[in-house]
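Each remark here refers to the structure printed beneath this line.
Protein chains: 2
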Amino acid sequence: MKLKEFAKQLGLSPTTVSRALSGYPEVSEVTRARVVQEAVRLGYRPNVNAVRLKTGRVGAIGVVMGRAGEFHFAEFMAGMAERLITEDTDILVIPMANPESDAEMQLYRRLAESQRVDAMIVHSPRPNDQRIALLHELGMPFLVHGRSDIDVPHPWLDIDNEGAVRRATSHLIDLGHTRIAMINGRQGATYALHRDIGYRSALQSHGIEVDPQLIVNGNFTDELGFRFARSFLEQPKRPTAFVAGSMMTALGIYRAARSLGLQIGSDVSVIAHDDVFPYLTADNMVPSLSATRSSMRAAGTRCADLVLQILAGRSPLEIHELWPVELILRESTGPVRALQA
Amino acid sequence: MKLKEFAKQLGLSPTTVSRALSGYPEVSEVTRARVVQEAVRLGYRPNVNAVRLKTGRVGAIGVVMGRAGEFHFAEFMAGMAERLITEDTDILVIPMANPESDAEMQLYRRLAESQRVDAMIVHSPRPNDQRIALLHELGMPFLVHGRSDIDVPHPWLDIDNEGAVRRATSHLIDLGHTRIAMINGRQGATYALHRDIGYRSALQSHGIEVDPQLIVNGNFTDELGFRFARSFLEQPKRPTAFVAGSMMTALGIYRAARSLGLQIGSDVSVIAHDDVFPYLTADNMVPSLSATRSSMRAAGTRCADLVLQILAGRSPLEIHELWPVELILRESTGPVRALQA
DNA sequence: TCCGTCAACCAAATCGATTTCAATTTGGTT
DNA sequence: AACCAAATTGAAATCGATTTGGTTGACGGA
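Each protein sequence line maps, in turn, to chains R and C.
Numbering-wise (full-length UniProt numbering), the first sequence opens with residue 1 and increments by one.
Numbering-wise (full-length UniProt numbering), the second sequence opens with residue 1 and increments by one.
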């Protein structure tokens, strides 16, 4: 059913019908009601592509999906979905080319120029992230999930990674730990940098020297958590505590400790970051995992919300949200038991 | 840069330019080469929305995302993304309303009628899944990931859930287990049903009576795995083995067993289904987890591929792919140690 | 009565491509 | 040289909406 045909059935012009459905004021309430009602009855829906061509609006928010297929990502998207379900907007997932490469930039450029999305969300930004410069330059509305130091103004929502890790580390220090290993995320992303800063500043403000040997970076997998933790724990001057980037990493650390006969919470303390997953919870680990905690899903919801606001006209420049991160202490942290040799 | 303008710069008509870029044969190779080259140089790209309006094709495959934000989903999508990265097609994620409700059907109807996607992928179908009937009726191309018993022809890709669980269960029986608990997925989906059938048929063909008390259904979470396993293991006539629906469930079972001082692999055997995640692998669990194994990511890639084939004209009716599932034995399975009272 | 205002509606232009149908050029035959 | 088929190229219609710039008629005030 096309507009023309539908309008004819109603004895109205396409103009009036279009206005009635889009909520323009120049149409009488009586007519509008009739149009709306008949539209439902006859099943008329404007052709999306025609609307898009004419208005230039697409009704979709773009998200570039990393190849790693990170588990965080699904949570974030679920959050976005929750917010967008009432809106007439959907999520366009774009497979990502290799990061840092020309291909990645070209992908963003193509996307911005191809009018396939109204706005984009940039994930895991780097300190000097050219994607942000590009989108800004191209005039594509966007929101950064995370932060960047690039000197281009950009709206962002981020969690307080630095503060979270500082508190976590400080807490471990308060418990008497001095050799604290840091299993951070992949080098490059700002969040990893911020966590690194938080870790170092906590040590320094307590007068503890930073041992670069105790800092490692890598993907958030059980596998890497295990390997790093294992090699740390096999050292003669082994760490007595860990700060870890994710729940999966924590699983690996638990496993490594167990494999060496060490007790989590007494021989070794662990604090990890918990993005809050429905299927795996820090409270349920054994022993329960102390964690810095911030919901990825909630972030997704809020990001979608902010993007909608930007599209509705809110100035992006004023959007900077820094979310605090809870530190929840459970059983995986405890005082140092004995001084290591 | 619009087509008209671009064509003028080249001294050609829009018609020829359009043809040259779309690869029509009626344009000389010399001209085509020039057009293509200049398009790159001047940065001309056809306006997607105009193309869509005119051709009726959208360049997007729709996937309805459950609210649970399951971890499988991200893997599946990552797989799709891998296949689609070379194509000019993207993934449209649609937030899902409550399943089984009117809202869900309306969502599918709206989607099919709104021309926002060229095709859809239906997940976790139920035995009598009205979504399939609806899409078929509406003429929207689609592919079912999983299977349905509905008497509407539909293309599908599924893994051999029944066979996988039958083999897993049979193997446990061969090891001497007779009380085998089954922690299945949410009731309703066909895959859960198939697994149930596989489980029962294995028992029956070995002359073991099915104890309905040993069969439970629920989401794939560590939490539920723990609770179910715990309550099973506290029974006087406790099971000596588990067949579980997911890695998360297995984590929960491990935890439950440990909390009761039981050894996985000797006191209690476990086989779970492994969808193959980059961040959590069966091999790395302690003890390593025996699993029926099939890659969700590979399924996503293949599904995307099949959908593209359907869109390219392949008859959907002939598309039925049943993927075998590997059974990989590791340390979590072993012979029954002692007969329980 | 006449005019201005306002509410309600409409005709036609427009968005930017694709594609049908027709025109032109090229090259080969006789 | 004349003709025809094949190879190229174009003009204009089309996809289905939105929106600009009207028109119409009712009503109130002068």
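C-beta atoms are modelled at their ideal positions from N, C-alpha and C, and glycine is treated no differently.
Buried versus exposed, by CB contacts within 10 Å (16 or more), residue i
{"i": "glutamine 9 of chain R", "result": "exposed"}
{"i": "leucine 317 of chain R", "result": "exposed"}
{"i": "aspartate 274 of chain C", "result": "buried"}
{"i": "leucine 42 of chain R", "result": "exposed"}
{"i": "glycine 198 of chain R", "result": "buried"}
{"i": "leucine 203 of chain R", "result": "buried"}
{"i": "histidine 171 of chain C", "result": "buried"}
{"i": "glycine 56 of chain C", "result": "exposed"}
{"i": "alanine 341 of chain R", "result": "Here alanine 341 of chain R scores only 39 on pLDDT, less than 50, and its place in the model is too uncertain to base an answer on."}
{"i": "glycine 313 of chain R", "result": "exposed"}
{"i": "serine 259 of chain R", "result": "exposed"}
{"i": "residue 425 of chain R", "result": "Residue 425 of chain R cannot be examined here, being either before or after the span of chain R that is shown, 1 to 341."}
{"i": "tyrosine 108 of chain C", "result": "buried"}
Per-residue DSSP class, three states only, for residue i
{"i": "asparagine 217 of chain R", "result": "strand"}
{"i": "isoleucine 121 of chain R", "result": "strand"}
{"i": "serine 22 of chain C", "result": "helix"}
{"i": "phenylalanine 142 of chain R", "result": "strand"}
{"i": "glycine 176 of chain C", "result": "coil"}
{"i": "glycine 334 of chain C", "result": "coil"}
{"i": "proline 196 of chain R", "result": "It should be pointed out that residue 196 of chain R corresponds to aspartate in this sequence rather than to proline. Aspartate 196 of chain R falls in the helix class under three-state DSSP."}
{"i": "glutamate 326 of chain C", "result": "strand"}
{"i": "aspartate 283 of chain C", "result": "helix"}
{"i": "serine 231 of chain C", "result": "helix"}
{"i": "glutamine 340 of chain C", "result": "Per-residue confidence for glutamine 340 of chain C stands at a pLDDT of 45, beneath the threshold of 50, marking its modelled position as unreliable; no derived number is given."}
{"i": "glutamate 209 of chain C", "result": "coil"}
{"i": "valine 152 of chain R", "result": "coil"}
{"i": "threonine 292 of chain C", "result": "strand"}
{"i": "aspartate 275 of chain R", "result": "coil"}
{"i": "valine 102 of chain C", "result": "Sequence inspection shows aspartate at residue 102 of chain C; the valine mentioned does not correspond to that position. If DSSP states are grouped into helix, strand and coil, aspartate 102 of chain C belongs with the helices."}
{"i": "glycine 62 of chain C", "result": "strand"}
Distance between beta carbons of residue j and residue i, contact taken as under 8 Å
{"i": "aspartate 158 of chain R", "j": "arginine 147 of chain R", "result": "5 Å"}
{"i": "valine 325 of chain R", "j": "glycine 163 of chain R", "result": "7 Å"}
{"i": "valine 286 of chain C", "j": "arginine 255 of chain R", "result": "5 Å"}
{"i": "serine 290 of chain C", "j": "threonine 333 of chain C", "result": "4 Å"}
{"i": "alanine 20 of chain R", "j": "valine 30 of chain R", "result": "Not a contact, Cβ separation roughly 10 Å."}
{"i": "valine 48 of chain C", "j": "glutamine 115 of chain R", "result": "5 Å"}
Top-ranked residue by Cα proximity to residue i, from the options
{"i": "alanine 192 of chain C", "options": "C/Asn161, C/Gly207 and C/His206", "result": "C/Asn161"}
{"i": "valine 63 of chain R", "options": "R/Val35, R/Asp118, R/Val40 and R/Ser28", "result": "R/Asp118"}
{"i": "valine 93 of chain R", "options": "C/Leu327, C/Ala78 and C/Pro239", "result": "C/Ala78"}
{"i": "methionine 120 of chain C", "options": "C/Ser170, C/Arg45 and C/Arg110", "result": "C/Arg110"}
{"i": "alanine 229 of chain R", "options": "R/Asp151, R/Ser205 and R/Ser269", "result": "R/Ser269"}
{"i": "histidine 145 of chain C", "options": "C/Pro125, C/Arg131 and C/Ser288", "result": "C/Pro125"}
{"i": "phenylalanine 76 of chain C", "options": "C/Gly163, C/Gly139, C/Asn47 and C/Ser294", "result": "C/Ser294"}
{"i": "glycine 59 of chain R", "options": "R/Ser315, R/Leu84, R/Gly43 and R/Arg258", "result": "R/Leu84"}
{"i": "alanine 181 of chain R", "options": "R/Glu321, R/His206, R/Ile271 and R/Arg57", "result": "R/Ile271"}
{"i": "leucine 280 of chain R", "options": "R/Phe71, R/Met1, R/Lys2 and R/Val48", "result": "R/Phe71"}
{"i": "glutamate 87 of chain C", "options": "C/Ser114, C/Phe142 and C/Thr301", "result": "C/Thr301"}
{"i": "isoleucine 173 of chain C", "options": "C/Leu322, C/Ala189, C/Pro335 and C/Phe6", "result": "C/Pro335"}
{"i": "glutamate 321 of chain R", "options": "R/Pro236, R/Pro155, R/Ala304 and R/Arg195", "result": "R/Pro155"}
{"i": "alanine 298 of chain R", "options": "R/Gln37, R/Met80 and R/Val36", "result": "R/Met80"}
{"i": "glutamine 213 of chain R", "options": "R/Asn184, R/Thr190, R/Asn219 and R/Asp222", "result": "R/Asn184"}
{"i": "glutamate 5 of chain R", "options": "R/Ile61, R/Arg195 and R/Ala39", "result": "R/Ala39"}
{"i": "glutamine 130 of chain C", "options": "C/Val152, C/Glu113 and C/Leu143", "result": "C/Val152"}
{"i": "isoleucine 61 of chain R", "options": "R/Thr15, R/Thr292, R/Lys54 and R/Thr89", "result": "R/Thr89"}
{"i": "aspartate 305 of chain C", "options": "C/Ile91, C/Ile132, C/Thr15 and C/Tyr24", "result": "C/Ile91"}
Contacts of residue i in chain R (Cβ-Cβ under 9 Å)
{"i": "threonine 281 of chain C", "result": "Thr221, Asp222 and Glu223"}
{"i": "isoleucine 91 of chain C", "result": "Met65, Ile91, Leu92, Val93, Ile94 and Pro95"}
Where residue i meets chain R, residues with beta-carbon distance less than 8 Å
{"i": "leucine 84 of chain C", "result": "Pro95"}
{"i": "phenylalanine 115 of chain C", "result": "It should be pointed out that residue 115 of chain C corresponds to glutamine in this sequence rather than to phenylalanine. In chain order: Asn47, Val48 and Asn49."}
{"i": "alanine 168 of chain C", "result": "Under the 8 Å cutoff, chain R gives no residues; its nearest Cβ is about 21 Å from alanine 168 of chain C."}
Residues that residue i contacts on chain C, provided the C-beta gap is smaller than 9 Å
{"i": "residue 358 of chain R", "result": "Not covered by the structure: residue 358 of chain R. The range shown for chain R is 1 to 341."}
{"i": "arginine 255 of chain R", "result": "Asn284, Met285 and Val286"}
Under 7 Å from the C-beta of residue i: neighbouring residues of chain C
{"i": "residue 415 of chain R", "result": "Coverage of chain R is limited to positions 1 through 341, which leaves residue 415 of chain R absent and any answer about it impossible."}
{"i": "alanine 81 of chain R", "result": "Met65, Val93 and Pro95"}
Listed by chain order, chain R residues near residue i by CB distance under 7 Å
{"i": "phenylalanine 71 of chain C", "result": "Phe71, Ala74 and Tyr279"}
{"i": "leucine 53 of chain C", "result": "Asn49, Ala50 and Leu53"}
Under 8 Å by beta carbon: chain C residues contacting residue i
{"i": "phenylalanine 248 of chain R", "result": "Per the sequence shown, the amino acid found at residue 248 of chain R is methionine instead of phenylalanine. Those are Tyr279 and Leu280, listed as they occur along chain C."}
{"i": "arginine 302 of chain R", "result": "Within chain C, no residue comes near arginine 302 of chain R; the closest Cβ sits about 15 Å away, beyond 8 Å."}
Distance cut-off 7 Å: residue i Cβ against heavy atoms of the ligand HEM
{"i": "alanine 7 of chain R", "result": "The model on display carries no ligand, and the ligand HEM is accordingly not part of it."}
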